[in-house]
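In order, the protein sequences belong to chains Y and X.
Under this note's numbering, the residue at position 103 of the first sequence is numbered 103, and the numbers go up by one with no gaps.
Every position in the second sequence, counted from 1, becomes a number in this note's numbering once 1000 is added.
Cβ coordinates follow ideal geometry from the N, Cα and C atoms, glycine included.
Quantities reported herein were computed from a predicted structural model and do not represent experimental measurements.
As structure tokens, the structure follows; a few thoughts come after it.
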Amino acid sequence: MSAKAFAGMFPVLLGTILLVSLVVTSIPVSWYASLFRGNEYVNSVIGSLLGSVSAGNPIVSYIIGGELLERGVSITAVTAFLVAWVTVGLVQLPAEIAILGKRFALYRNGLAFIASIAVAMIIMALMRVLSYA
Amino acid sequence: MHNKFSPRRISASWYYLITVVLFYIGLFIFVSDRSTAAFGLFIEILLKMLPVFAFVFALMVLSNYYISSAFIMKHLERKGARKWLYAIIGGVLATGPAYMWYPLVADLRKKGLSDGLTACFLYNWAIKLPLLPVAVYYFGIQFVVLLMIVMIAISIVQGMTLNAIVK
């Protein structure tokens, strides 16, 4: 099963690295700075929104998040992006509603969106505390 | 359930890669310098990531061999405060796409699993142990450990909040 799962994942990884490489070499660093130019709260909301509408294997979000970080995007925004990617599922929402119920799915995804921002804020605070220690 | 989804996912994955490669070829014809630079970066990232991919594959083999879905579901049915612990551990150990777990979790909800525990389980599914080497590679061990701890804590808060809302 693992070999099959990995075989299914590998083309997606290759395709994603290809696309990320294209985006990174095509879009100037200043564009990322302009997208995430608000304060840490606004940046984390933008990161969460981007993560919520994205879908795919978590490993893909690590690759994109890592490249964003290298392009100067803050760790708070990247954390919100990573957490929302794996906990908020707008793409899977119809399936979740159909199987687990509309009320549950909407509440769960709404709370997960808020939680992704909260996680980013907590991580930022903890990283600051640890850097001073 | 898993077998039903796997072949579709695999073929869709290859279609995705083929589409991206065709896009690159098209781009090379019209803007060759841009696609050449992008392909150079692709090779650079891929070479750095290959050892990590090998490690991830080994971890996936081990987790799939030792942890079954029946084992996880059995522990989610337990009573008392420990059920939160089992929801967390079950979510962390759960492999495969999240939607694969929806029918199994829906079945447990019919048997009395609360909305909060269900949400807690699905939240912790996001923590993928076999993929952690990639996360560590990009963000460092300190960040990844902090993220795991905070996400686990938040999963309980989220579950309890959901229970309070739907009461």
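Where residue i meets chain X, residues with beta-carbon distance less than 9 Å
i, result
"Gly159/Y", "Here chain Y has residues from 1 to 133 only, and residue 159/Y is not among them."
"Tyr41/Y", "Within chain X, no residue comes near Tyr41/Y; the closest Cβ sits about 17 Å away, beyond 9 Å."
"Ile123/Y", "Phe1143, Leu1146, Leu1147 and Val1150"
Neighbourhood of residue i by C-beta distance below 8 Å, restricted to the same chain and skipping five residues each side
i, result
"Lys1004/X", "Residue confidence for Lys1004/X is low, a pLDDT of 42 falling below 50, so the modelled location carries little weight; the figure read from the coordinates is stated next. So the list is empty, once near-sequence residues are dropped."
"Met1151/X", "Tyr1123, Asn1124, Ala1126 and Ile1127"
"Leu130/Y", "none"
"Ser1006/X", "In this prediction, Ser1006/X has a pLDDT of 48, which is less than 50 and means its spatial position is unreliable; what the coordinates show is noted afterwards. Hits under 8 Å: none found."
Proximity of residue i and residue j at Cβ, strictly below 8 Å
i, j, result
"Gln1158/X", "Leu111/Y", "yes"
"Glu67/Y", "Val12/Y", "no"
"Val88/Y", "Asn109/Y", "yes"
"Val61/Y", "Leu93/Y", "In the sequence as presented, Val is not what sits at residue 61/Y; that position holds Ser. Result no, Cβ atoms of Ser61/Y and Leu93/Y do not sit closer than 8 Å."
"Ala1164/X", "Leu100/Y", "no"
"Gly1090/X", "Phe1039/X", "no"
"Ser52/Y", "Leu19/Y", "no"
"Gly15/Y", "Tyr1016/X", "yes"
"Val1056/X", "Val1134/X", "yes"
"Leu1162/X", "Ala1119/X", "yes"
"Ser44/Y", "Trp85/Y", "no"
"Ala80/Y", "Ile117/Y", "yes"
"Leu1132/X", "Val1144/X", "yes"
"Ala125/Y", "Gly47/Y", "no"
Contacts around residue i, its chain only, beta-carbon distance under 6 Å, and the 5 residues preceding and following it disregarded
i, result
"Ser1035/X", "Tyr1024, Leu1027 and Phe1028"
Supposed contact pair residue j and residue i - C-beta distance, whole angstroms, cut 8 Å
i, j, result
"Ile123/Y", "Leu1146/X", "6 Å"
"Ile1154/X", "Ile17/Y", "Going by Cβ atoms, the distance from Ile1154/X to Ile17/Y rounds to 30 Å, so no, they are not a contact pair."
"Leu69/Y", "Ile75/Y", "7 Å"
"Leu1050/X", "Ser21/Y", "Not a contact, Cβ separation roughly 15 Å."
8 Å Cβ cut-off: residues of chain Y touching residue i
i, result
"Tyr1138/X", "Tyr62, Ile63, Gly65, Gly66 and Leu69"
"Ala1126/X", "Pro58, Val83, Val86 and Thr87"
"Leu1093/X", "Near Leu1093/X there are no residues of chain Y at all, since even the closest Cβ is about 14 Å away, more than 8 Å."
Reference residue i; option with closest CA among the options
i, options, result
"Leu106/Y", "Ile1018/X, Lys1111/X, Asp1115/X and Arg1109/X", "Asp1115/X"
"Phe1071/X", "Trp1014/X, Thr1095/X and Met1160/X", "Thr1095/X"
"Arg103/Y", "Val1166/X, Gly1112/X, Leu1050/X and Ala1037/X", "Val1166/X"
"Ile97/Y", "Leu1093/X, Pro1103/X and Val1092/X", "Pro1103/X"
"Tyr1138/X", "Gly38/Y, Ile27/Y, Ser21/Y and Gly65/Y", "Gly65/Y"
"His1075/X", "Ala1081/X, Ala1087/X and Tyr1066/X", "Ala1087/X"
"Ile1156/X", "Gly1080/X, Gly1140/X and Leu1117/X", "Leu1117/X"
"Met1160/X", "Ile1149/X, Lys1111/X, Ile1141/X and Lys1083/X", "Lys1083/X"
"Met1060/X", "Gly8/Y, Asn39/Y, Ile27/Y and Arg128/Y", "Gly8/Y"
"Leu1129/X", "Lys1111/X, Leu1108/X, Val1092/X and Trp1101/X", "Val1092/X"
Cross-chain neighbours of residue i in chain Y, by beta carbon under 7 Å
i, result
"Ile1045/X", "Ile17 and Ser21"
"Ile1154/X", "Ala115, Ala118 and Val119"
"Phe1042/X", "Ile17, Leu18 and Ser21"
Under 7 Å by beta carbon: chain X residues contacting residue i
i, result
"Pro11/Y", "Ser1013, Trp1014, Tyr1016 and Leu1017"
"Leu106/Y", "Going along chain X, no residue has its Cβ under 7 Å from Leu106/Y, so there is no contact; the nearest lies around 11 Å."
Interface partners of residue i on chain X, CB under 8 Å
i, result
"Leu100/Y", "Tyr1102, Val1105, Ala1106, Arg1109 and Thr1118"
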